[in-house]
Amino acid sequence: SHTATWISISPMDGDVVWTAGATVRVTTDDGSTWTQAASYPFPVGGVTKCLAHPIDVDAAFVTFSGYSAGIAHVALTTDRGATWTDVTGDLPSQPVNTIAIDPTAPNTWFVGTDVGVWLSTDDGGTWNPYQTGLPNTVISDLEIQAGTKKLFAGTHGRGAWEVDVTNVLLSVEGGEEDEVVDTPRPSTSLSLLLDPPRPNPTRGATTLRWAAWHEGEVTLEIFDVQGRRIASVASESRGDGIIRAATWVPDGVPSGTYFAVVRAGENRTSEKIVLQH
Numbered sequence: 003s004h005t006a007t008w009i010s011i012s013p014m015d016g017d018v019v020w021t022a023g024a025t026v027r028v029t030t031d032d033g034s035t036w037t038q039a040a041s042y043p044f045p046v047g048g049v050t051k052c053l054a055h056p057i058d059v060d061a062a063f064v065t066f067s068g069y070s071a072g073i074a075h076v077a078l079t080t081d082r083g084a085t086w087t088d089v090t091g092d093l094p095s096q097p098v099n100t101i102a103i104d105p106t107a108p109n110t111w112f113v114g115t116d117v118g119v120w121l122s123t124d125d126g127g128t129w130n131p132y133q134t135g136l137p138n139t140v141i142s143d144l145e146i147q148a149g150t151k152k153l154f155a156g157t158h159g160r161g162a163w164e165v166d167v168t169n170v171l172l173s174v175e176g177g178e179e180d181e182v183v184d185t186p187r188p189s190t191s192l193s194l195l196l197d198p199p200r201p202n203p204t205r206g207a208t209t210l211r212w213a214a215w216h217e218g219e220v221t222l223e224i225f226d227v228q229g230r231r232i233a234s235v236a237s238e239s240r241g242d243g244i245i246r247a248a249t250w251v252p253d254g255v256p257s258g259t260y261f262a263v264v265r266a267g268e269n270r271t272s273e274k275i276v277l278q279h
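Numbers in the numbering used here are just positions in the sequence shown, counted from 1, shifted up by 2.
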């Protein structure tokens with residue numbers, strides 16, 4: 003028996019089908035017989051999705067949840083499951099919920115994480131946040147419409163979004179192969195996350211879920227309506243993109259309206275907090 007979390011049919015050959023759950027299995031005869039793939043030779047989180055490679059019938063991806071450092075979040079097989087490679091690269095330790103690849107740019111990968119969409123243009127070696135036109139929130143599913151070069155994103159609590167990624171998937175003729183044109187990392191102002199505080203309004207402590215991608219220091223602070231800093235809640239020497247939860251305990255702070263602010267250099271994002279003792 004095999005309980006599958008995800009199923010993916012190869013676009014190259016409809017008889018090749020991948021399933022992933024506690025194990026990965028593949029069929030090459032439309033389900034008449036199945037072969038169990040090899041175990042991962044590295045630690046992984048919980049399986050979130052499998053995806054048949056868009057142009058390689060022998061290849062498939064599996065993505066994984068988990069925040070622990072040292073575990074794989076994206077795995078790739080190129081030999082129908084006989085071996086696996088960890089292609090997480092420098093992606094920060096965070097759940098990867100989904101992956102999407104356009105067949106015209108197979109070296110360019112999009113993954114949906116708990117802190118938005120991330121992009122790699124070098125087969126998973128390096129990753130950059132890609133929030134242009136997309137919300138910086140939990141991404142539960144991604145799909146690329148090859149004809150229109152639209153990336154569709156399903157989110158947790160923020161609805162469905164679409165964004166034109168032609169600038170990323172743009173190809174130029176280069177001999178017999180296409181060369182993928184890289185794009186710069188989005189600006190820091192597009193790489194800050196601060197979820198609405200919970201609870202809000204609050205009579206006491208409130209939890210703030212935040213993240214940032216920035217080469218320098220990032221801070222999470224509380225300000226009053228006059229712009230005076232009330233508290234320094236958290237800080238990191240470098241914004242690594244990892245989602246963190248911090249708690250503000252407003253001891254001795256009167257009832258009123260306050261603002262939680264994440265700052266990275268000159269860029270900032272904020273959320274209102276109503277304190278009611």
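Backbone N, C-alpha and C fix where the C-beta goes; we use that ideal spot for every residue, glycine too.
Here the structure is a predicted model, which is why all the values come from computation and not from measurement.
- In terms of Cα proximity to residue 148, the closest of 237, 255 and 110 is 110.
- Excluding sequence positions up to five before and after residue 259, its CB lies within less than 7 Å of the CB of 227, 274 and 276, all in the same chain and listed in chain order.
- Taken through DSSP and simplified to helix, strand or coil, residue 251 comes out as coil.
- Residue 278 counts as exposed, since fewer than 16 other C-beta atoms from the protein chains shown sit within 10 angstroms of its C-beta.
- Residue 229 counts as exposed, since fewer than 16 other beta carbons sit within 10 angstroms of its beta carbon.
- Per DSSP, reduced to three states, the secondary structure at residue 209 is strand.
- The residue from 34, 85 and 10 with its alpha-carbon nearest to that of residue 50 is 10.
- Leaving aside the five residues that flank residue 205 on each side, the residues in its chain whose CB is nearer than 7 Å to its CB run, in chain order, 278 and 279.
- Rounded to the nearest angstrom, the gap between the Cα atoms of residue 160 and residue 197 is 12 Å.
- Taking C-alpha positions only, residue 76 is separated from residue 46 by approximately 9 Å.
- With a cutoff of 8 Å on beta-carbon distance, residue 72 and residue 48 are scored as not near each other.
- For residue 260, the enclosing beta strand (DSSP E) begins and ends at 258 to 266.
- Taking C-beta atoms under 8 Å as the contact rule, residue 116 and residue 245 qualify, at a distance of about 6 Å.
- By the C-beta density criterion, residue 169 is exposed, having fewer than 16 other C-beta atoms within 10 angstroms.
- Boundaries of the beta strand (DSSP E) around residue 66: 62 to 66.
- Inter-residue distance for residue 38 and residue 123 is about 30 Å (C-alpha atoms, whole angstroms).
- Beta-carbon to beta-carbon, residue 214 and residue 266 are separated by about 5 Å, close enough to satisfy the 8 Å threshold.
- Taking the Cβ atoms as the reference, residue 88 lies roughly 5 Å from residue 44, within the contact range of under 8 Å.
- Scanning the segment 75 to 141 from its first residue to its last, the whole beta strand (DSSP E) runs of 3-plus residues come out as 76 to 79, 98 to 103, 111 to 115 and 118 to 122.
- One thing to note: residue 137 has its Cβ no nearer than 8 Å to the Cβ of residue 120.
- Cα atoms of residue 145 and residue 272: separation of roughly 30 Å, rounded to the nearest angstrom.
- Across the structure, residue 97 and residue 64 are spaced so that their CA atoms are roughly 12 Å apart.
- With contacts defined as CB atoms closer than 8 Å, residue 114 and residue 99 qualify as a contacting pair.
- In the DSSP assignment, residue 156 falls within the beta strand (DSSP E) that extends over 152 to 157.
- Counting the other Cβ atoms within 10 Å of the Cβ of residue 17 gives fewer than 16, which makes it exposed.
- Secondary structure of residue 168 (DSSP, three-state): helix.
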